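Shown next, in structure tokens, is the structure this report addresses.
2 protein chains.
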Amino acid sequence: MNTTKNDKNTRTTGRPTLNEVARLAGVSPITASRALRGVSTVATELVEKVQKAALELNYVVNPAARALASAQSQSVVVLVPSLSNLLFIDTLEAIHRVLRPKGFEVLIGNFHYSRDEEENLLRNYMAYQPRGLLLTGFDRTESSRRMIEASNIPCVYMMELDSAAGLNCVGFSQLAAGETAAEHLLSRGRKRLAYIGAQLDQRTLLRGEGFRKALQKAGLYDPDLEVLTPRSSSVGLGGELFLQLLASHPDVDAIFFGNDDLAQGALLEAMRCGIKIPEQVAILGFNDLPMSEHMVPRLSSINTPREAIGRRAAEQMLTLMAGNTVARPVQDMGFELKVREST
Amino acid sequence: MNTTKNDKNTRTTGRPTLNEVARLAGVSPITASRALRGVSTVATELVEKVQKAALELNYVVNPAARALASAQSQSVVVLVPSLSNLLFIDTLEAIHRVLRPKGFEVLIGNFHYSRDEEENLLRNYMAYQPRGLLLTGFDRTESSRRMIEASNIPCVYMMELDSAAGLNCVGFSQLAAGETAAEHLLSRGRKRLAYIGAQLDQRTLLRGEGFRKALQKAGLYDPDLEVLTPRSSSVGLGGELFLQLLASHPDVDAIFFGNDDLAQGALLEAMRCGIKIPEQVAILGFNDLPMSEHMVPRLSSINTPREAIGRRAAEQMLTLMAGNTVARPVQDMGFELKVREST
DNA sequence: CTGCATCGAGACAGCGCTACCTTAGTGCCT
DNA sequence: AGGCACTAAGGTAGCGCTGTCTCGATGCAG
Chain A
1 MNTTKNDKNT RTTGRPTLNE VARLAGVSPI TASRALRGVS TVATELVEKV
51 QKAALELNYV VNPAARALAS AQSQSVVVLV PSLSNLLFID TLEAIHRVLR
101 PKGFEVLIGN FHYSRDEEEN LLRNYMAYQP RGLLLTGFDR TESSRRMIEA
151 SNIPCVYMME LDSAAGLNCV GFSQLAAGET AAEHLLSRGR KRLAYIGAQL
201 DQRTLLRGEG FRKALQKAGL YDPDLEVLTP RSSSVGLGGE LFLQLLASHP
251 DVDAIFFGND DLAQGALLEA MRCGIKIPEQ VAILGFNDLP MSEHMVPRLS
301 SINTPREAIG RRAAEQMLTL MAGNTVARPV QDMGFELKVR EST
Chain B
1 MNTTKNDKNT RTTGRPTLNE VARLAGVSPI TASRALRGVS TVATELVEKV
51 QKAALELNYV VNPAARALAS AQSQSVVVLV PSLSNLLFID TLEAIHRVLR
101 PKGFEVLIGN FHYSRDEEEN LLRNYMAYQP RGLLLTGFDR TESSRRMIEA
151 SNIPCVYMME LDSAAGLNCV GFSQLAAGET AAEHLLSRGR KRLAYIGAQL
201 DQRTLLRGEG FRKALQKAGL YDPDLEVLTP RSSSVGLGGE LFLQLLASHP
251 DVDAIFFGND DLAQGALLEA MRCGIKIPEQ VAILGFNDLP MSEHMVPRLS
301 SINTPREAIG RRAAEQMLTL MAGNTVARPV QDMGFELKVR EST
């Protein structure tokens, strides 16, 4: 009925192949292959002919055939712990912007803050023989670690830093960020400082640790004011934990939240209950999500260079995939305290 | 130095192949292939032997080889207009949940509300010979349309409905949603109703159209109260447009926003300026983002079944990929008006 | 003018898997 | 008992591309 081109009796794709391009250009298939891949040992004249032929036929390589023949794909796997709080979207977008123009495919995996799920994704994606791995943080199962090591695939770790291990990583010091948070609140004359963190991923814990250390140094650390829950971070949860903490510890005068959505929830709940921010309690968030500067009062937060991390990590990956070593494997992209009305 | 298994002089992957599995199981490679794919014509006894062998060798198929041999991949392409406002995350997650367990790879493309970028992505992904396409809405370039048609790849359209064209689509009536919004605000006794929309994608326009129609029917339509901007939807923009509208039209007593982030921005700006919501202006959002119910006052919104749409679309896709036709190609998943404090 | 290094292009084979066809084996009907 | 349909398993070939080796052409020194 339909005028489909490839009827039964042929297993072909129907799309033009490299052979046809080569024939049209009057060269051998292998020369056409080299010409299109930009391998140096082809005369510029021939390269042009091949490119012209490819364009004319609307030729696009068959990634499957290429992957099979060369035993490696053109894809880079990115594993992130979450997509649902905008945190990693900026990073992902930046990675795409760097890698796609170079002809790499970006495979995204969301492991929902689960080490086991990450291991699963890793195992799955390994089958695709990816050219590179962009991973989040260092907290993973031992099998995951072994898989990565054994695969010999270039790997860049994002978000955290670890100068000890000699790994390629692009991020910032979560510990220092926690310290900065504490120092800022202390500089505001606050004495009863709390930390509220959810999700309890490695980075949330590290920030809490930095916060704690700074408070201990100031002699103001009180373990009762450390609220940690494995529940996932959300606006609703932030409001809830905020009210709970104030009910049990009415003297708290500053709270550092492990993520902006928690802090936003606290601000909203404070408004609802008539709690004056920052007069009664100063509130400091983390990540500086787009909405934070619009909150009432405007939320002070620590801005994290999520876009820059993605970009830089992807650039490192390009270097590694080209077979070179990265000059500075550990890249501290820093962070920036944004002081606004809530502190 | 390193104890890598595959030294030079071999082009193999180093991973176990189907041949090795077959040898270990004592069957022919093709039988092993069929056994692992679950093709029916293999004795259960042999299937078990093959599966055991595969497990023992830690065998994973080589997707490139499979794709090359069968002239089709195991991947499904999903194209969404944005990742940065959480709207499509729920849908994507649901799609993953349905397709991954069935062994399909989900390739995500973000076309940033650009028809040209969508066309580009489509062209790119076609090279991967995807098994299916999950697309957002119907507004695309003519070339995109032709590409989809010519490819003969099963396609499901999400978010909007179009019963005319005989396409598979899963969504809800954007027009009806706009009407519902207007009717709700009218039922609250409001007379000067405005619509504020950004991004101007097809769906935002359709909602505006539904809203307008309902107002015309009520004899309360005023084109001056329709604020449309191609700028991308954000909290900041919402606040800005809200203040502008109130400055130029102080008599407005209700506003329907095309997206919740705009409405949230308006609520925050209203609070900042001391504008009473809903007394002076009723505010109604769209999509019911997670934060909306926590706003002050709690934001009334129209909840859209984003998760259900993703799930259903993926299920339809499974049916189509299995070679069957879908019983009900047009699936209206509805929407739900959530009345809260802001109206 | 010859010999040797260098470079560009092609021949060949094979990556790992599955479509297609064939063959062997089973039960059932006449 | 013989032939037939039907099912289960295997043999063969090839999907489209690229790594490796080979070969011919070129340039230059001796």
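Residue numbers (full-length UniProt numbering), protein chains in the order written: chain A, 1 to 343; chain B, 1 to 343. All residues carry an ideal CB built from backbone N, CA and C; glycine is no exception. A quick note: this is a predicted structure, and the numbers were derived from the prediction, not measured.
Nearest residue (CA-CA) to residue i, options the options
i	options	result
A:LEU18	A:ASN58, A:CYS273, A:VAL42	A:ASN58
B:GLN51	B:ALA65, B:ARG23, B:ASP139, B:LEU167	B:ARG23
A:LEU200	A:PRO230, A:GLN216, A:LYS213	A:PRO230
A:ARG115	A:GLY208, A:LEU79, A:GLN129	A:LEU79
A:ARG100	A:GLU336, A:LYS338, A:ARG311	A:ARG311
B:VAL76	B:GLY132, B:LEU121, B:ASN62	B:GLY132
A:ARG328	A:ALA181, A:GLY171, A:PRO290, A:ASN287	A:GLY171
B:ARG272	A:ASN287, A:GLU105, A:HIS294	A:HIS294
A:GLU240	A:ASP222, A:LEU262, A:LEU220, A:HIS249	A:LEU262
B:THR141	B:ALA65, B:TYR113, B:PHE335, B:GLU336	B:TYR113
A:ARG15	B:GLU183, B:LEU107, B:ARG66, B:GLN72	B:GLN72
Burial state of residue i, where buried means 16 or more other Cβ atoms lie within 10 Å
i	result
A:THR325	exposed
A:LYS102	exposed
B:LEU55	exposed
A:ASP260	buried
A:ARG145	exposed
B:GLN129	buried
B:ASP224	exposed
A:THR12	exposed
A:VAL252	buried
A:SER40	exposed
A:ILE153	buried
A:THR3	Any reading at A:THR3 must be qualified, since the residue scores a pLDDT of 29, below 50, and its modelled position is unreliable; no value is offered.
A:PRO305	buried
A:LEU179	The sequence given here places Glu at residue 179 of chain A; Leu does not occur at that position. Classification for A:GLU179: buried.
A:GLU160	buried
B:GLY208	buried
A:PRO63	buried
A:SER234	buried
A:VAL21	buried
B:PRO250	exposed
Cutoff 6 Å; reference residue i; Cβ partners in own chain excluding five residues on either side
i	result
A:SER342	ILE277, PRO278, ILE283, PRO297, LEU299, SER300
A:VAL156	LEU134, ASN168, ALA313, GLN316, MET317
B:ALA94	GLU307, GLY310, ARG311
B:ARG97	none
B:PHE242	ALA266, GLU269
B:SER173	LEU161
Terminal residues of the beta strand (DSSP E) in which residue i lies
i	result
B:GLU341	Where B:GLU341 is concerned, there is no enclosing beta strand (DSSP E), given that its DSSP letter is neither H nor E.
B:ASN303	300-303
B:ASN19	Segment 18-25 is the alpha helix (DSSP H) holding B:ASN19; no beta strand (DSSP E) there.
B:ALA314	Looking at the DSSP string, B:ALA314 is not in any beta strand (DSSP E); the run it does join, the alpha helix (DSSP H), is 306-321.
A:LEU289	Per DSSP, A:LEU289 belongs to no beta strand (DSSP E) and is neither H nor E.
N- and C-terminal bounds of the alpha helix (DSSP H) containing residue i
i	result
residue 345 of chain B	There is no way to answer for residue 345 of chain B, as the model of chain B reaches only from 1 to 343.
A:GLY132	Element bounds for A:GLY132: not the alpha helix (DSSP H) but the beta strand (DSSP E), 132-136.
A:ASN324	Counting along the chain, A:ASN324 falls outside any alpha helix (DSSP H), and DSSP gives it neither H nor E.
B:GLU105	B:GLU105 -> not in any alpha helix (DSSP H); beta strand (DSSP E) instead, spanning 105-110.
A:GLU119	115-126
7 Å CB neighbourhood of residue i in its chain, flanking five on each side removed
i	result
B:ALA308	MET333
A:ASN110	VAL80, SER82, LEU83
A:MET126	MET147, SER151
B:ASN124	none
B:MET321	ARG131, GLY132, PRO154
B:VAL330	LEU161, SER163, CYS169
A:GLY323	none
A:GLN244	none
Residues of its chain near residue i, where Cβ-Cβ distance is below 8 Å and the 5 sequence neighbours each way are ignored
i	result
B:LEU185	LEU193, ALA254, PHE256, ALA282, LEU284, THR343
B:MET158	THR91, LEU134, LEU135, THR136, GLY137, CYS169, VAL170, GLY171, ILE309, GLY310, ALA313
A:GLN264	VAL235, GLY238, GLY285, LEU289, MET291, SER292, MET295, LEU299
Legend entry - Start-end ranges of the beta strand (DSSP E) lying completely within the region 31-95 of chain B, minimum 3 residues: 75-80
Inset, instruction - Report the residue ranges of all alpha helix (DSSP H) runs contained in full by the region 142-228 of chain A; include only those spanning at least 4 residues, in chain order. - result: 142-151, 174-187, 202-218
Inset, instruction - Within the region 221-280 of chain A, note down every full alpha helix (DSSP H) run reaching 4 residues or more, in order along the chain. - result: 235-248, 260-273
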